[in-house]
Amino acid sequence: MKLQDIDVAVIGAGPAGMAAAIRAREAGAENVIIMERAEELGGLLHQCVHNGFGLLYFNEDLTGPEYGNRFIEKVMDTGVKPLLETMVVKLTEDRQIGAVNAKEGFITFRPKSVVLAMGCRERSRGALNIPGSRPSGVLTAGTAQRFVNVEGFLPGKRIVILGSGDIGMIMARRLTLEGAKVEAVVEILPYIGGLIRNEVQCLHDFDIPLYLQHTVTQIHGEERVTAVTIAKVDADRNPVPGTQRKIQCDSLLLSAGLIPENELSLMAGIRLDPVTGGAVVDETRQTNIAGVFAGGNVLHVHDLVDNVSWESELAGESAAKFAMERDLGEKGTINLKAGTNIRYIVPQTISGQRDTTLYMRVNEPQENVRIKIGDIMTKTVRAVKPSEMIKIELSSEKLQKVNKETKEIIVSCEKRGGK
Amino acid sequence: MAKKETFICIGCPLGCEVTLTIDEKGKILGFAGNKCKEGEKYVFEEYTNPVRILTATVLTQNSAQPLLAVRTSKPILKTMLAQGAAVLARTKVKPPVRVGDIIVPNLLDTGVDVVASANLSS
Chain A
298 MKLQDIDVAV IGAGPAGMAA AIRAREAGAE NVIIMERAEE LGGLLHQCVH NGFGLLYFNE
358 DLTGPEYGNR FIEKVMDTGV KPLLETMVVK LTEDRQIGAV NAKEGFITFR PKSVVLAMGC
418 RERSRGALNI PGSRPSGVLT AGTAQRFVNV EGFLPGKRIV ILGSGDIGMI MARRLTLEGA
478 KVEAVVEILP YIGGLIRNEV QCLHDFDIPL YLQHTVTQIH GEERVTAVTI AKVDADRNPV
538 PGTQRKIQCD SLLLSAGLIP ENELSLMAGI RLDPVTGGAV VDETRQTNIA GVFAGGNVLH
598 VHDLVDNVSW ESELAGESAA KFAMERDLGE KGTINLKAGT NIRYIVPQTI SGQRDTTLYM
658 RVNEPQENVR IKIGDIMTKT VRAVKPSEMI KIELSSEKLQ KVNKETKEII VSCEKRGGK
Chain B
1310 MAKKETFICI GCPLGCEVTL TIDEKGKILG FAGNKCKEGE KYVFEEYTNP VRILTATVLT
1370 QNSAQPLLAV RTSKPILKTM LAQGAAVLAR TKVKPPVRVG DIIVPNLLDT GVDVVASANL
1430 SS
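Going down the list, the sequences are from chains A and B.
Going by the working numbering, 316 is the number at position 19 of the first sequence; the sequence numbering is gapless.
Going by the working numbering, 1336 is the number at position 27 of the second sequence; the sequence numbering is gapless.
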């Protein structure tokens, strides 16, 4: 395969990139490459040795490596060409890709379409502004996960975890089973940041204390972490004086949010959504640059890999179609606007001509609600939480109700009343 | 004397706190706090037979990869998780291993095998 002939170039070989590349091939694109800076396909799935993957996609309870393996085999079977240990360092507004690897040096080419599948990274100590000294022993939950599950090192013996994201809770269980003592999981919000099943199966199962509405106010230790101070926070998330308490520990793990990795997108002039941190896309997952698509955690942070795969398949299919036909038909001209208790909606724009799945998150937990997509449809939901993504299928049939002149549809989540 | 035990249902984002009332013989007398039937089903399982899949890693020999990811092929009692992890901490494997290969047969007489979650090459 010559670089000049590439139909679809996928950037990133995690679950999103693999799904996009496979589907692009299946949809008829001849030359599909997947560019990955690591030495193997699969991305973060290799270090996610816990189960809970594929419950929706495969109807099976798989571990991360098993889930990844199924896609890796399919990448090979469908004839996608992986370009490993190759880091994309440049993307321009006319779809020029520049990449480096040890064999060829700097390579540059212009594929017919591009799928962004760079995933996300963790919020680090610097981004959290935790006061105190700079000892070793402060690391993100994902780094700890790599140490424990891939490299074979225990990062510490007495651990405090800041943030109750899924990786943090999963690491609390993992570290406990590997012989460490997890002293506390500390969450600034009044509710956990991850899924309920992880609160039950990772924290409750092992009697790990969870401190809601608390944060770490100081890290102690010179060479190595010796303790952290935690404190209760008020409604504005400020520490309440007099509630400080010191917890002896040798490590602090951070599980306080994920940030889509969009440096390349910004370089290319792709418009980002300030709320998701990912590109603004229409229902084909096309960005504002023709022929550049995005899917998975680079677009918005998902809680389930199954949705990452589905969304990226859509991006891959659109990329294949664009590569072959140079046109995807109707563009997204209707803006979906977040109304009451909706934090964001992906896609941000729709054409109104195709079946569409809307992914959204709420701002606050709420029970017994009605989600309204303008006056097109409403869906009753028993409970919503910021940590659990909501998926709503919007059929093109329902969308026929939309007036041709419509420029904006407001999506809102309202309490069901009068019953 | 009847006693009470609480569970958090993981069936949906609601996360109902369900209180189970049990008589002295351990018989279930009633459920409270669940907002749907699924909650009862979940709590019944969690009370009578709380099981989990155990996932872990085992050390490797003769491989560039220091660890191999493993799992139990089926869920085991959650009270067995720590013991199971202790067995796996002493287990070593050599390549080649394919996903699904049995690493520890019949873990702790549970009748459940520990299998490889990933491939291992030399």
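Don't be surprised by glycine CBs; every beta carbon is placed ideally from N, CA and C.
In this text, all values refer to a predicted model and were calculated from it rather than measured experimentally.
Residue from the options with nearest C-alpha to residue i
| i | options | result |
| --- | --- | --- |
| Leu507(A) | Pro362(A), Ala528(A), Thr523(A) | Ala528(A) |
| Gln301(A) | Ile308(A), Gly465(A), Ile330(A) | Ile330(A) |
| Thr1364(B) | Val1406(B), Val1413(B), Ala1311(B) | Val1413(B) |
| Ala317(A) | Asn446(A), Gln583(A), Glu694(A) | Gln583(A) |
| Pro428(A) | Phe368(A), Thr526(A), Arg407(A), Thr360(A) | Thr526(A) |
| Cys1318(B) | Ile689(A), Glu560(A), Thr512(A), Glu496(A) | Glu496(A) |
| Val1423(B) | Lys1403(B), Asn1358(B), Tyr1351(B), Gly1393(B) | Gly1393(B) |
| Gln650(A) | Gly671(A), Leu625(A), Gln663(A), Thr637(A) | Leu625(A) |
| Asn632(A) | Lys704(A), Gly365(A), Met373(A), Pro362(A) | Lys704(A) |
| Met657(A) | Arg679(A), Ser693(A), Cys710(A) | Cys710(A) |
| Ala396(A) | Asp672(A), Leu380(A), Lys409(A) | Leu380(A) |
| Glu419(A) | Gly439(A), Lys543(A), Gly402(A), Ser648(A) | Gly439(A) |
| Leu486(A) | Leu492(A), Thr512(A), Asn348(A) | Thr512(A) |
| Asn638(A) | Ile544(A), Ser648(A), Lys669(A), Lys618(A) | Lys669(A) |
| Gly311(A) | Arg334(A), Glu323(A), Ala324(A) | Arg334(A) |
| Thr1400(B) | Leu1386(B), Arg1380(B), Lys1387(B), Pro1384(B) | Arg1380(B) |
| Pro571(A) | Leu561(A), Ile556(A), Glu370(A) | Ile556(A) |
| Val595(A) | Met564(A), Glu560(A), Met621(A), Glu622(A) | Glu560(A) |
| Gly588(A) | Tyr364(A), Cys345(A), Arg407(A) | Arg407(A) |
Contact list for residue i against chain A, beta-carbon separation under 8 Å
| i | result |
| --- | --- |
| Val1408(B) | Pro362, Glu363, Asn366 |
| Pro1375(B) | Val447, Glu448, Gly449 |
| Lys1344(B) | Arg679 |
| Lys1312(B) | Near Lys1312(B) there are no residues of chain A at all, since even the closest Cβ is about 18 Å away, more than 8 Å. |
| Arg1399(B) | The contacting residues do not exist; Arg1399(B) stays about 12 Å from chain A at best. |
| Ala1394(B) | Leu474, Glu475 |
Inter-residue CB distance, residue i and residue j (contact presumed, cutoff 8 Å)
| i | j | result |
| --- | --- | --- |
| Ile586(A) | Glu390(A) | 6 Å |
| Pro683(A) | Arg640(A) | 7 Å |
| Val482(A) | Ala469(A) | 6 Å |
| Thr1328(B) | Lys1313(B) | 5 Å |
| Val241(A) | Ala635(A) | Nothing about residue 241(A) can be reported from this structure: the residues present for chain A run from 298 to 716 only. |
| Leu1376(B) | Gly339(A) | Contact doesn't hold; Cβ gap of about 15 Å is too wide. |
| Val578(A) | Ala591(A) | 6 Å |
| Val522(A) | Ser552(A) | Not quite, the Cβ-Cβ distance comes to about 16 Å (not below 8 Å), so this is no contact. |
| Gly453(A) | Gly434(A) | 6 Å |
| Ala313(A) | Gly416(A) | 7 Å |
| Ile308(A) | Val385(A) | 5 Å |
Residues that residue i contacts on chain A, provided the C-beta gap is smaller than 7 Å
| i | result |
| --- | --- |
| Ser1426(B) | Val346, Thr360, Pro362, Glu363 |
| Thr1364(B) | Val346, His347, Asn348, Thr360 |
| Leu1323(B) | Glu664, Arg679, Ala680 |
Beta-carbon neighbours of residue i, restricted to chain A and to distances below 9 Å
| i | result |
| --- | --- |
| Leu1368(B) | Gly449 |
| Ala1391(B) | Thr473, Leu474, Phe503 |
| Ala1341(B) | Simply none; closest approach about 17 Å. |
| Lys1387(B) | Gln498, Asp502 |
Contacts that residue i makes with chain B (C-beta to C-beta distance below 8 Å)
| i | result |
| --- | --- |
| Glu685(A) | Pro1322 |
| Arg494(A) | Ile1319 |
Exposure label - residue i; buried when at least 16 CB within 10 Å
| i | result |
| --- | --- |
| Met315(A) | buried |
| Asn1358(B) | exposed |
| Ser461(A) | buried |
| His597(A) | buried |
| Asn604(A) | buried |
| Asp504(A) | exposed |
| Asp463(A) | buried |
| Gly1335(B) | exposed |
| Ala424(A) | exposed |
| His501(A) | exposed |
| Gln541(A) | exposed |
| Met1310(B) | exposed |
| Ser410(A) | buried |
| Val1421(B) | buried |
| Ala1425(B) | buried |
| Glu690(A) | exposed |
| Val681(A) | buried |
| Gln545(A) | exposed |
Residues that residue i contacts on chain B, provided the C-beta gap is smaller than 9 Å
| i | result |
| --- | --- |
| Val497(A) | Phe1316, Ile1317, Cys1318, Ile1319, Gly1324, Glu1355 |
Within the region 437 to 506 of chain A, ranges of the alpha helix (DSSP H) (whole runs, at least 4 residues): The qualifying runs are 438 to 443, 463 to 474.
Minimum length 3: unbroken beta strand (DSSP E) runs contained in the region 610 to 654 of chain A: Restricted to the region 610 to 654 of chain A, the beta strand (DSSP E) segments that are unbroken, complete and at least 3 residues in length are 631 to 635, 639 to 643, listed in chain order.
Contiguous alpha helix (DSSP H) assignments of at least 4 residues, all confined to the region 558 to 600 of chain A: Counting only runs of 4 or more, we get 560 to 565.
Entirely enclosed alpha helix (DSSP H) segments - the region 646 to 697 of chain A, minimum 4 residues: The qualifying runs are 693 to 696.
Length-filtered (3 minimum) beta strand (DSSP E) runs lying within the region 350 to 428 of chain A: Whole beta strand (DSSP E) segments, 3+ residues: 378 to 380, 384 to 388, 394 to 398, 402 to 406, 410 to 413, 417 to 419.
Length-filtered (3 minimum) beta strand (DSSP E) runs lying within the region 1381 to 1418 of chain B: DSSP runs (the beta strand (DSSP E)) wholly in the region 1381 to 1418 of chain B: 1411 to 1413.
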